[in-house]
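Visitor: Every number in the working numbering is 12 more than the matching position in the sequence shown, counting from 1.
Even glycine gets a Cβ: it sits at the ideal position worked out from N, Cα and C.
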Amino acid sequence: MVETDHSIKLAVAIALLRSKLSNSSSSSSHSSESNAQRWKRKAKDRKLEILKLEEELKQLEDGSQYDLFPKSASCKCYFFDQIGRSSSRCDDFGDASDFRVNEVLRRRFLRQVRLKGKRRRSDESGLRGRAVDLNIDDEIEQLSTSVDFLVELCKKICPENNDPFANLSHQAVEFILALLKNLLAEEKNREPTEGIVCSLVVRLVGRMCICSKMHEPSDSESDAQFYVQHILRTLGSDPYVGQRTLLALFERIYAVAESLLFMDPFDDAFPDSHDSLFMLIQLSEFLISDHLQTWARNESFEKSLFEEWARSILQARKALSLLESRNGLYMLYMDRVIGELARQIDPISRIHTLDQGILENLFR
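Next comes the structure, spelled out in structure tokens:
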């Protein structure tokens, strides 16, 4: 009997041990399966995240396929609607073989635009984590890149289908003006900014004057000049750019007038110089009529620069007077510019103390 009880206890103990081992094995197997599923799910999520990041990187780097203005967009840019028209206030190009803007500059510009937009959104949401000074060099680089892009863009104007050009140039102009507003708020930024702006003005004025030399004679060459003129006119809404543009224009008028004085009228280059002269005079009139009053009311208005380009008008007018016997329209158009300036000078003189000697010489 005792031996039977001992056997029963041993059997119960073995059964309990086997049950415990079986439960432990089942739990371990279930836990292992659960861990495998969890890691499999994490791996899948990570793969999707990597694919998403790769897609975003491709969008940032591939400026030729992912544009700020996709070709499928239905909206039309009205940037050039007022091209060549006088007003009191201004408010793939063809096929791929015709429109070859430098792709390196293009991608850099589009990337800078997107970075600027992301930074602005971060600032607005209160997530700004660095001091403003850390962004200065970056913004100067953005300005330089945008200027290079715009100048490169103006070398490849194709008026037959200007929608891509209008979109890109409009974006570049707005981006440049926004950067200038930020950079000029600090005095220490003025020196590098002035160098970039003066380079932009000189290069675009030069491009406007030589557009007709880039192609065989056609209606499109004149259109190209007007496109560049309109870009300068819009950039000139900023007094910092506008006054420097006027100074460059009158200096260029003086230089072209002197070259015409000694040029044979039958020279092949004469018609181009003649056309350029009228474009320069017309742009100066647009800038004065569109923006002078606004400049004068701006706190950043530079009186010394105003007086400098006012003196340059006198030099340009004197050079043109020597050509009056050849073409009286030169003087007629220049007198229109001076007349527009005279019309607007009175309200400006109430805001700023101007050199009376310059004004007397200008209007006598």
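For a test of the three-state rule: what should DSSP assign to Glu336, helix, strand or coil?
Guide: coil
Visitor: Quick one: what's got a C-beta closer than 8 Å to Pro82's C-beta in the same chain, skipping five residues either side?
Guide: With a pLDDT of only 41 at Pro82, under 50, the local geometry of the prediction cannot be trusted, and the value read off the model is given with reservation. Here the set comprises nothing.
Visitor: Distance, Cα to Cα, Asp150 vs Leu317?
Guide: 28 Å
Visitor: Gln154: buried (16+ other C-beta within 10 angstroms of its C-beta) or exposed?
Guide: buried
Visitor: Specify, as a first and last residue, the run of the alpha helix (DSSP H) that Thr422 falls within.
Guide: Nothing can be reported for residue 422: it is not among the residues displayed for the chain, which extend from 13 to 376.
Visitor: Need the endpoints of the alpha helix (DSSP H) that His286 sits in, please.
Guide: 282-309
Visitor: If contact is defined by three or more beta carbon pairs under 8 Å, each pair taking one atom from either stretch, is the segment 271-285 in contact with the segment 192-202?
Guide: no
Visitor: How about Ala269 and Ala331: do their beta carbons lie closer than 8 Å?
Guide: Result yes, Cβ atoms of Ala269 and Ala331 sit closer than 8 Å.
Visitor: Quick one: is Lys32 buried, meaning 16 or more other Cβ sit within 10 Å of its Cβ, or exposed?
Guide: exposed
Visitor: Does the Cβ of Val12 have 16 or more other Cβ atoms within 10 Å, making it buried, or fewer, making it exposed?
Guide: What the structure shows of the chain is the stretch from 13 to 376, and residue 12 is not part of that stretch, so it cannot be assessed.
Visitor: How would you label Arg355, buried or exposed, when you count the other beta carbons within 10 angstroms and need 16 or more for buried?
Guide: exposed
Visitor: Below 8 Å CB to CB, which residues in the same chain sit around Ala23 once its five sequence neighbours on both sides are set aside?
Guide: Taking Ala23 as the centre and dropping the five residues before and after it, the same chain places no C-beta closer than 8 Å to its C-beta.
Visitor: Given a threshold of 16 other Cβ atoms within 10 Å of its Cβ, counted over all protein chains shown, does Trp378 qualify as buried or as exposed?
Guide: Any property of residue 378 remains undetermined from this structure, which presents the chain solely from 13 to 376.
Visitor: Going by the beta-carbon positions, is the gap between Leu326 and Leu295 smaller than 8 Å?
Guide: no
Visitor: Starting from Gly254 and walking both ways along the alpha helix (DSSP H), at which residues does that stretch end?
Guide: 251-273
Visitor: Give me, in chain order, the residues of the same chain whose beta-carbon lies closer than 8 Å to that of Asn194; leave out the 5 immediate sequence neighbours on both sides.
Guide: Glu151
Visitor: Using only CA atoms, which one of Leu341, Arg376, Glu314 lies nearest to Thr365?
Guide: Glu314
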